[in-house]
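Going by our numbering, the sequence shown wraps up at 749, each residue one higher than the last.
Ideal Cβ positions, reconstructed from N, Cα and C, are used throughout, including at glycine.
First the structure, in the form of structure tokens, and then the observations on it.
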Amino acid sequence: MSVLRLAVPKPLRRPFDYLPPRGLSPADTAALRPGVRVRVPFGSGEVTGYLLSIEDDSSIATKNLKPALTVLDPEPLVDASLLQLCHWAADYYQHPLGEVYSTLFPRHLREGRASAPAGTPGFRLTTRGKGLPADALSRSPRQAQAIALLRRQPEVSSPEFRSHNIGAAILRKLAQQRLVEPCVISGRLPTVEVKPALRLNAEQRTALEALTGTANGFCCHLLEGVTGSGKTEVYLQLIARCLQGGKQTLVLIPEIGLTPQTLARFKARFTANIAVLHSGLTDAQRARAWEAARSGSAHIVIGTRSAIFTPLASPGLIIIDEEHDSSYKQQDRFRYSARDVAVKRAQLQDCPIVLGSATPSLESLHNGVSGRYQHLRLTQRAGTATLPELRALDIRKQSLQGGLSAALVSAVDETLQQQQQVLLFLNRRGYAPTLRCHDCGWIAECPSCDARFTVHRRQHRLRCHHCGTAKPLLAQCPRCHSERLLFAGLGTEQTEDYLRSRFANWPIHRVDSDSIQGREAMQSLVREISTGEPCILLGTQMLTKGHHFPGVTLVAVIDTDALLFSADFRGEERMAQLLTQVAGRAGRADQPGTVLLQTHYPDHPALLAMLSQTYAQRATQLLALRQASGMPPAGFLVLLRTDCANADYGERFLQLLRQRCAGHLGPEIRLIGPLPSPMPRRAGKYRAQLLLIAANRKDAQIAARELVAEADALPARHGLNWTIDIDPQDVF
Ligand code: ADP
Ligand code: ZN
Ligand code: ZN
């Protein structure tokens, strides 16, 4: 007897056994390879499972085994090393294997449809098209250009058409006139042409040599380069060598908003096929990019977090840009770190990986110090630009307007008068974070969360930034009916209002997730700013990520104090990264920049440290503190979270779990909790957590497995959900 053992995309941490589909011969069954997709009945429906192994026995009685419906692939669609990566990730993150497998595939394949034939979709001329007189399409030059391309080369791929600015609509029109027809092009695409590179400076050259010195086989490099030091130029030259070796490069970037900018730079350098993968794509676009990566027809794959699981026909290099960015960690369901998965992937596929950042995470720096990663540094800005100067601006006793002190207002004024650009950073969107009654002290709070409503005055709404609840902005206090409602605290809308009245003659751009929606909006803004016309940019974190604003010479952080007081153990690391990144937007071209930090605490040690030290120096200090406290990267964390409709049950569940595990866990494991989460109630659910700290990764892993096994065995009442988070980002 043969049994198909499958991973099924359900939140269950065990495999499922099925009989082979009816009609599949024993010989064909035996020949099936792990990783093929198998359509199976599950509950009252059907799902796509993934073959783990063929067994000759099952712990389930044969009469209770159901036959699978169909085997969908003759061969696995992804290679063995990627399957191995899934097994590693499922085990490391304690996530159900079937769900990890399904992150490999675009939707149509998860839903059990057929994979496109290997090769790249393209077009060729029909007989009619071949006979077309040369001037027949003179009224539509794009169509004529497409035909001309096909006269030179019998089959042209869609990506090649796109690189000539000939999109799907034009080809559709030609196909309707029966002049061209679709085809699938197999075999390798033309080699890539690399346009002239910049002349590297000495530091860049040293880095590139070190990177290429070990270019064959696995090696993890940490490229620490101050903002504007020319890391991207180093990536480009490294990619060029990878392409010349006939291999593909996978590049991860933190933000979908950065893709057009990155793409433009890559396209300016290479005539390569570049596949882009991010959350803003339609299913069809994603499927196309995925197939291009898998078949090898994409030379370069650029994507955000989940692109780390994209199959590659011939992987040669992985680059993680802005490796410190917290968006690489998925914060729900499968809580993986794309950076850490990438390092494992590079190891399994035996290719080099580069983690680049101006402000590397302490984790990566630690690996650099310990020699696990090769640590390369670019300490100077490329070209002629110099790094900006950081200064604290004491705002004690100062009157503030829109959050700005008089000193800052005049600095802004001066900068604009000199025809330069200003960037103001305020990490809070909306008008004000609190609506308060002046007469009785009532505060508008979200009914479902332990959180205040944010005032969004433009939309005339109160909105909860934690669960999305929104309601109309009140005109009266619901408790005492007073109409004296105050907007307390500061948000970007409020500062924008002030700026518009004070700097009425200058362009002002507010950049936050309310005002900028979609990549297009950000892209057109970046274009406008790059004209260099004087303007004020006011924005949240969205502004600080990777964009280049060469005309900005004044950067100000409006509310530095909000960064100074964070309860999380990563608070100071985040502040140092954020301030360095914000500062890095300034003075990139020939004018030097200034960075002003408005604060009530000009003597705060963390602030003084930031002002007197480089990020690298500060990071070294913070790393020593982590070592002393046993927190990551000196220790390893596992966080078990519960959410539950019942106020007490979550903590009771975790208490029970703790008792059950206590006997098995070694003395090297510390447990903290159960405790209510930092926000104890969110979206109507009560949240609690149990934190585990281990001195080494292995112990943390063993303990995590133990916790999961026990938690799985405990009955969960009151609709309790629990999740496990390995290497969590936020703890307190
Ligand atoms: P990073 O990625 O470290 O922020 P970039 O690669 O974007 O830095 O480089 C910053 C700026 O310096 C860009 O405008 C880039 O064109 C320029 N640049 C980079 N390397 C050189 C070089 N070797 N010579 C001259 N300009 C350079
Ligand atoms: Zn009141
Ligand atoms: Zn809420």
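Between the Cα of A375 and those of A85, Q594 and L69, spot the shortest distance and give me the residue it belongs to. Q594
Span of the beta strand (DSSP E) holding E172? E172 to S174
Quick one: does the C-beta of L215 sit closer than 7 Å to a heavy atom of ligand 4? Among the ligands modelled here, namely ligand 1, ligand 2 and ligand 3, ligand 4 does not occur.
Endpoints, alpha helix (DSSP H) assigned at W307: D300 to S312
Examine ligand 1 and report whether any of its heavy atoms sits within less than 7 Å of the Cβ of E545. no
Just how far apart, CA to CA, sit A292 and A330? Taking C-alpha positions only, A292 is separated from A330 by approximately 13 Å.
If you measure between the beta carbons of L260 and F235, is that distance less than 8 Å? no
Residues whose Cβ lies closer than 6 Å to any heavy atom of ligand 2, in chain order: C454, D456, C457, W459, C494, R496, C497 and S499
Could you check which residue in R478, G297, G736 and A720 has the C-alpha nearest to that of P277? G297
Within 10 Å of its beta-carbon, does T244 have 16 or more other beta-carbons around it, so buried, or fewer, so exposed? buried
Going by DSSP, what residue range makes up the beta strand (DSSP E) through P695? I686 to R699
If you count every other CB in all the chains shown that lies within 10 Å of the CB of P176, and 16 or more means buried, which is it? P176 comes out buried.
Are there any heavy atoms of ligand 1 lying less than 7 Å away from the beta-carbon of Q608, as far as the coordinates show? no
How about I741 and Q111: are their beta carbons less than 8 Å apart? yes
Taking all protein chains shown into account, do 16 or more other C-beta atoms lie within 10 angstroms of the C-beta of D660, making it buried, or fewer, making it exposed? Under this definition D660 is a buried residue.
For K284, tell me which candidate among L253, A306, T299 and A304 has the shortest Cα-Cα distance. L253
Between the Cα of I256 and those of A289, E272, E241 and G556, spot the shortest distance and give me the residue it belongs to. A289
Candidates T597, A720, Y35 and P684: which alpha carbon is nearest N81's? Y35
Bridge partner(s) assigned by DSSP for E198: Bridge partners of E198: R141.
With respect to 7 Å, is the separation between the Cβ of A399 and the closest non-hydrogen atom of ligand 1 below this value? Because some heavy atom of ligand 1 lies under 7 Å away, the Cβ of A399 counts as near it: yes.
Within 7 Å: the Cβ of A641 and any heavy atom of ligand 3? Not under cutoff, so the answer is no.
Kindly indicate which residue of V748, T616 and A730 has the alpha-carbon position closest to the one of L29. Scanning V748, T616 and A730 for the CA closest to the CA of L29 turns up A730.
Beta-carbon gap between Q615 and T577 smaller than 8 Å: yes
Would you list the residues whose beta-carbon is nearer than 5 Å to any heavy atom of ligand 3, in the order they occur in the chain? So the residues near ligand 3 by this Cβ test are C463, S465, C466, C481, H483, C484 and T486.
Any heavy atom of ligand 1 closer than 7 Å to the CB of K27? no
Nearest-angstrom Cα separation, counted from T65 out to V88: 10 Å
What three-state label does DSSP hand S76 in the structure shown? coil
With burial defined as no fewer than 16 other Cβ atoms inside 10 Å of the residue's Cβ, what is the status of Q366: buried or exposed? buried
Excluding the five sequence neighbours on either side, which residues of its own chain have a C-beta within less than 8 Å of the C-beta of C497, listed in chain order? C454, D456, C457 and W459
Just list the beta strand (DSSP E) runs in the region 311-347, keeping only unbroken ones of 3 residues or longer that don't cross its boundaries, in chain order. 317-320 and 332-338
Report back the beta-carbon spacing between L294 and A306 to the nearest angstrom; my notes put them in contact at under 8 Å. 5 Å
Measuring CA to CA, which of I337, C484, L269 and V201 is closest to M696? The residue with the shortest Cα to Cα distance from M696 is C484.
Mind reading off the beta-carbon distance from A85 to P37? Whole number of angstroms is fine, and I expect it under 8 Å. 6 Å
Going by beta carbon distance, what residues of the same chain come within less than 6 Å of A161, once the five residues before and after it are set aside? L154
Tell me which residue opens and which closes the beta strand (DSSP E) that R517 is part of. Per DSSP, R517 belongs to no beta strand (DSSP E); it is in the alpha helix (DSSP H), T509 to R519.
Would the beta-carbon of I336 fall within 8 Å of that of V439? no
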